[in-house]
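Undergrad:
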Amino acid sequence: MKLRIKFAQSGAVPAGWAGRTREGEIIAKINGTGVRLRAFRADDADALAAGFDDPLSRRFLPPLPSPYTVAHAERYIAEHVVATSGEGGALYAIADPQTDELLGGIGIDKVVPVRRQAEVGYWVGPWARRRGVATAALRALTTHALGHGLDRLELLTHLDNPASQRVAMAAAFQREGLRRGAQPGRGGARDDMVVFTRLAGDPDEPLPRLLPDLPGGELSDGVVRLRPLGPGDYDFLTELLALPEVIATSVPPEPPSAERIRRRCDRAETQWLGGTRADLVIEDAVTGAPAGDIGLFYDDPFTQQAMIGYSMLPAYRGRGFPTRAAQLLSLWVFAETDVVRLIAGAAPGNRGSRRVLEKAGFHEEAYLRARLPGPDGTRVDDVQYVLLAEDLLN
1 MKLRIKFAQS GAVPAGWAGR TREGEIIAKI NGTGVRLRAF RADDADALAA GFDDPLSRRF
61 LPPLPSPYTV AHAERYIAEH VVATSGEGGA LYAIADPQTD ELLGGIGIDK VVPVRRQAEV
121 GYWVGPWARR RGVATAALRA LTTHALGHGL DRLELLTHLD NPASQRVAMA AAFQREGLRR
181 GAQPGRGGAR DDMVVFTRLA GDPDEPLPRL LPDLPGGELS DGVVRLRPLG PGDYDFLTEL
241 LALPEVIATS VPPEPPSAER IRRRCDRAET QWLGGTRADL VIEDAVTGAP AGDIGLFYDD
301 PFTQQAMIGY SMLPAYRGRG FPTRAAQLLS LWVFAETDVV RLIAGAAPGN RGSRRVLEKA
361 GFHEEAYLRA RLPGPDGTRV DDVQYVLLAE DLLN
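Under full-length UniProt numbering, think of the first position of the sequence shown as 1, with each following residue one higher.
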């Protein structure tokens with residue numbers, strides 16, 4: 001079966017473009033690993049409605065009617081799919097190749113013929129998630145599109161949607177940057193989006209990550225445990241960052257807003273995937289209670305230098321937790337990343353923090369005058385410490 005769709009403007013889309021044959025007809029099926037991309041059918045309406053009415057879909061797709069009914073799905077199939085085709089794009093159902101069950105949807109739109117580029121997007125129903133469906137579908141459509149006239153595909157994801165970012169990276173898309181206000185959000189706001197791209201000449205395999213995942217999702221020495229910061233840590237982080245002594249050593253030395261703390265929790269995994277920052281919670285390994293935080297800031301990958309910083313709740317100070325956390329994080333950094341120099345700073349008068357670094361193996365390297373912004377427009381000095389991989393062997 002081939003779908004014959006007339007273009008909105010004659011000659012607007014070159015023959016052979018993306019999901020079309022040389023005659024301008026939409027390719028009916030594209031086979032992938034464990035998935036098949038096919039045309040939407042009228043009998044997909046029930047599953048489509050269930051997929052679009054799912055809370056996770058609602059969170060990240062453009063604003064949808066609520067509730068999203070079968071009637072809405074029928075109009076989507078009859079009108080929106082056809083309209084997208086008329087504008088040079090193509091929307092496909094993601095189906096199980098054995099049962100033909102609808103698993104989700106994927107498509108190409110916003111085609112710019114003169115630039116030979118377009119945008120790709122996808123969704124997967126809750127009944128088909130965590131099975132590699134989105135990655136397989138994205139790889140199949142990307143291979144087809146970049147082999148049939150397109151040279152560049154863009155994929156946009158929300159900052160708090162790391163699952164979609166992992167799909168993009170697994171399909172060999174490369175993170176390109178942040179597009180401000182790229183998509184209409186709720187209440188008249190506009191959402192910033194992370195931009196991933198894939199070019200026709202790019203390698204088919206994902207690039208190595210600057211900051212890989214922790215082995216088993218955590219680091220532990222039996223006394224402390226380090227795990228990634230996440231959306232569920234808002235209350236803990238709010239308590240920690242409100243402490244006067246923590247504020248005094250923050251850059252800048254001022255309390256963060258509630259919205260800033262929430263964004264930090266919601267977007268921590270995005271920062272990690274982007275290779276710029278790894279935020280971790282220090283837990284008591286026995287009780288599981290959060291005791292503090294420690295972060296790795298990879299701001300200088302060209303010179304292979306990163307920085308760590310940490311804070312502790314008062315109840316857990318004096319128990320060696322930050323030293324153990326710094327040692328665990330340092331071992332992981334030198335074993336799993338390309339970081340060569342790990343640095344940390346402490347206020348000259350903060351003997352407690354300086355002792356933590358020294359016990360963790362760091363060496364005092366420099367006294368930096370007026371390095372950091374202080375309160376009321378002042379500047380404060382900073383003592384810099386450094387750790388190399390060979391220091392851990394001594």
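C-beta atoms are modelled at their ideal positions from N, C-alpha and C, and glycine is treated no differently. These numbers were taken from a predicted model, which means no experiment stands behind them.
Once DSSP output is grouped into helix, strand and coil, what is the label at Ala248?
TA: helix
Undergrad: Are there 16 or more other CB atoms within 10 angstroms of the CB of Ala145, so buried, or fewer, so exposed?
TA: buried
Undergrad: Given a threshold of 16 other Cβ atoms within 10 Å of its Cβ, counted over all protein chains shown, does Gly367 qualify as buried or as exposed?
TA: Reading the sequence as shown, one finds Tyr at residue 367 and not Gly. Exposed: under 16 other Cβ atoms inside 10 Å.
Undergrad: Going straight from the alpha carbon of Lys110 to that of Gly132, what length do you get?
TA: 26 Å
Undergrad: To the nearest angstrom, report how far apart Ala344 and Arg130 are at their CA atoms.
TA: In this structure, the straight-line span from the alpha carbon of Ala344 to that of Arg130 is close to 38 Å.
Undergrad: Give the DSSP bridge partners of Leu280, in chain order.
TA: In DSSP, Leu280 forms a bridge with Pro228, Ile294.
Undergrad: Which runs of the beta strand (DSSP E) spanning at least 3 residues fall entirely within the segment 142-187, listed in chain order?
TA: 152-158, 174-184
Undergrad: Which residues does DSSP list as the beta-bridge partners of Gly349?
TA: DSSP output for Gly349 lists no bridge partner at all.
Undergrad: From the DSSP output, read off the bridge partner residues of Leu342.
TA: Ala306, Leu387
Undergrad: Does Val114 pass the burial test, meaning 16 or more other C-beta atoms within 10 Å, or should it be called exposed?
TA: exposed
Undergrad: Which value, in whole angstroms, describes the spacing of the CA atoms of Gly274 and Asp235?
TA: 25 Å
Undergrad: For the segment 38-109, which segments carrying the beta strand (DSSP E) assignment without a break, of at least 3 residues, lie completely within its bounds, in sequence order?
TA: 90-95
Undergrad: Taking the beta strand (DSSP E) that Pro256 belongs to, which residues open and close that run?
TA: Careful: Pro256 lies outside any beta strand (DSSP E) and carries neither H nor E.
Undergrad: Can His72 and Ala93 be called in contact, C-beta distance under 8 Å?
TA: no
Undergrad: So, using beta-carbon positions, are Leu387 and Leu342 closer together than 8 Å?
TA: yes
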